[in-house]
Every structure is written in C-alpha cells, then in structure tokens.
Amino acid sequence: MTTINVKGPIVADGDKWFYDYFKMPATAPSDINDVLPDDGSDVNVVINSGGGMIDSGSEIYTALKNYKGTVNVQIVGMAASAASVIAMAGDHIAMSPTAQMMIHNVQSDLYGDSNDHAKQANILKTFNKSISAPYVAKTGMSQDDVLNMMNETTWLNADDAKAKGLIDEVMFDKAEPELQLTASYNAGLVAPDVINKAREALLEKDSSNANKNLGEETVTISLDSKEFMDELDNRISRIKNMENEQSDTFQPFVF
Numbered sequence: 053m054t055t056i057n058v059k060g061p062i063v064a065d066g067d068k069w070f071y072d073y074f075k076m077p078a079t080a081p082s083d084i085n086d087v088l089p090d091d092g093s094d095v096n097v098v099i100n101s102g103g104g105m106i107d108s109g110s111e112i113y114t115a116l117k118n119y120k121g122t123v124n125v126q127i128v129g130m131a132a133s134a135a136s137v138i139a140m141a142g143d144h145i146a147m148s149p150t151a152q153m154m155i156h157n158v159q160s161d162l163y164g165d166s167n168d169h170a171k172q173a174n175i176l177k178t179f180n181k182s183i184s185a186p187y188v189a190k191t192g193m194s195q196d197d198v199l200n201m202m203n204e205t206t207w208l209n210a211d212d213a214k215a216k217g218l219i220d221e222v223m224f225d226k227a228e229p230e231l232q233l234t235a236s237y238n239a240g241l242v243a244p245d246v247i248n249k250a251r252e253a254l255l256e257k258d259s260s261n262a263n264k265n266l267g268e269e270t271v272t273i274s275l276d277s278k279e280f281m282d283e284l285d286n287r288i289s290r291i292k293n294m295e296n297e298q299s300d301t302f303q304p305f306v307f
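Going by this note's numbering, the first residue of the sequence shown is number 53, and it counts up by one from there.
Here it is as structure tokens:
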C-alpha cells in the first residue's frame, strides 16, 4: 500500500522549493498528485499538519476525493484548518487518541481602507461556506452547525471528532492516554515576501565564479548566509510590525 505523508504547512507548489531548501517539512499539491498510484490501489494518507493555504488544501482534497482507489487517512498528530479539510477526503478516517483536530474560519492578510475590509469580509464568508462542504459531506451535519463550529474555532480530540462524525475510528482502541495541547497553534507558513526575497537572493549570479564548461556557461551561486539570515530577520520584523506596505494581491490563508 502506498503511504502519502501530509506533514508541515500546506503550501503552494511554487513556494515548496523554499521549505525544501531549508529542510522544513511542508506539503504541496504536487507532492500528492505525483505519488498517487496509476493502478487505483489503496493509499494510506498520514496527516500531521497545522494547515496552510486554502487553495492548495482544496486541490489536495479534490485529488484524493477523485482517486479511484480507497483512501485511508490516519491523523497521527494534528489535522488543523486546511489539513482537517484534507482529512475529510478519506474513505476511512482514523485518529490517534493523542491527536487533535481543529476547524475554524478562513483568514487572510489585507492592508486597505474600510471599503477594502468590508469587501474582504464578504469574500471570507464565501470561502467559509466552500470550506464547510467537506465537513457537511462527512458528518451529515447542517451547514449552519458546521459554520458555527468554524466560527468558534473548534478543537476536538479523537473522541470528540468521532462523536461529531468527523472520523470513523479512534486508533489503538484507546490504549493510549489523550493529550490536550496548551500551546497556540501555528501552521509554520513563511510569508510570501520572505520567500520572494529568498528567491531573488538565490538566483543572483556571482560573475566572479562563472566558468565555461563544454561551451556552455556554468554559474555558481554564492550566498552569504549571515547576510541572508539578517535580511530574513529584517523582512519578518517588518511584516510583524505591519508597516504601511500595500499588498496588491489577496491571498487567503487557513492557519
């Protein structure tokens, strides 16, 4: 049986290189699409993720739902936010007694005036209804009940999730004690601004290290790690301080 891991934040295919470069666990849609068997044999999807990008989570959910074989899901640590949506694609969903599930409203980053925020609020409500559909399909609950759970940012242990119909089985027949997390959750997403800066730095050519090889130019990329990390720290500080930088794109997040 093919095992597919959904670990770390759920990210876009175009941003996955950043997490791979720094050896940070993350899952993009291509990680799933590229390993789904062609023969329709059963797959085992192992989830431990705090969530991430809503569109990437939706793509993964859809790929698993469309898969012709049986999809067995095991929630082994956390299935929060977009990761809980992915879990709903399972034909059979099992959850460790030490694991947690969380569902909540869609969130976004936006700079703008009151009109921008009012418009964004309506967009987010539309996203909430879309995201509620997998939970409704799995549990048979009404959409209003699911939306209320999302609005309250609902955390569920394995027994709670089973009682709500979000999972089919508690693993190990309750042989292990339940563990309630007390720390705040964090999907581990890196801000797009930081990723773009990293991309620019890594693609910068060092002409002094260029050489010719079989008539083709081979360029060695050099990067001062201290300078790069200082720049990353500066970028992260700017984002946290919410300086007056306008964003021309809307990126919905599920954290």
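Cβ coordinates follow ideal geometry from the N, Cα and C atoms, glycine included.
Own chain residues within Cβ distance below 7 Å of residue i, not counting five before or after
| i | result |
| --- | --- |
| residue 80 | 63, 64, 65, 68 and 108 |
| residue 213 | 147, 153 and 219 |
| residue 201 | 155 |
Boundaries (first-last residue) of the beta strand (DSSP E) holding residue i
| i | result |
| --- | --- |
| residue 161 | 159-161 |
| residue 101 | 95-101 |
| residue 146 | 144-147 |
| residue 208 | 206-208 |
Residue environment, residue i, which counts as buried when at least 16 other CB atoms sit within 10 Å
| i | result |
| --- | --- |
| residue 74 | exposed |
| residue 281 | exposed |
| residue 70 | buried |
| residue 53 | exposed |
| residue 312 | Because the chain in this structure spans residues 53 to 307, residue 312 falls outside the shown range and cannot be described. |
| residue 224 | exposed |
| residue 111 | buried |
| residue 208 | buried |
| residue 116 | buried |
| residue 165 | exposed |
| residue 58 | buried |
| residue 83 | buried |
Range covered by the alpha helix (DSSP H) that runs through residue i
| i | result |
| --- | --- |
| residue 169 | 166-191 |
| residue 202 | 195-203 |
| residue 136 | 134-139 |
| residue 71 | 68-73 |
| residue 244 | 244-255 |
Pair within 9 Å by beta-carbon distance, residue i and residue j
| i | j | result |
| --- | --- | --- |
| residue 87 | residue 148 | no |
| residue 218 | residue 190 | yes |
| residue 92 | residue 119 | yes |
| residue 128 | residue 95 | no |
| residue 146 | residue 101 | no |
| residue 124 | residue 158 | no |
| residue 106 | residue 136 | no |
| residue 131 | residue 153 | yes |
| residue 186 | residue 215 | no |
| residue 151 | residue 243 | no |
| residue 175 | residue 160 | yes |
Beta-carbon contacts of residue i that lie in its chain and below 8 Å, excluding the five residues immediately before and after
| i | result |
| --- | --- |
| residue 177 | none |
| residue 72 | 78 |
| residue 89 | 54, 95 and 121 |
| residue 206 | 154, 155 and 156 |
Which residues DSSP lists as bridging residue i, in chain order
| i | result |
| --- | --- |
| residue 54 | 95 |
| residue 124 | 96 and 144 |
| residue 308 | Missing from the structure shown is residue 308; the chain here goes from 53 to 307 and no further. |
| residue 79 | 62 |
| residue 222 | 147 |
| residue 130 | 152 |
Same chain, Cβ closer than 6 Å to residue i, neighbours up to 5 away in sequence not counted
| i | result |
| --- | --- |
| residue 184 | 195, 198 and 199 |
| residue 252 | none |
Interface flag, residue i vs chain D, CB-CB below 9 Å
| i | result |
| --- | --- |
| residue 74 | Structure shown: chain D not included; a single protein chain is present. |
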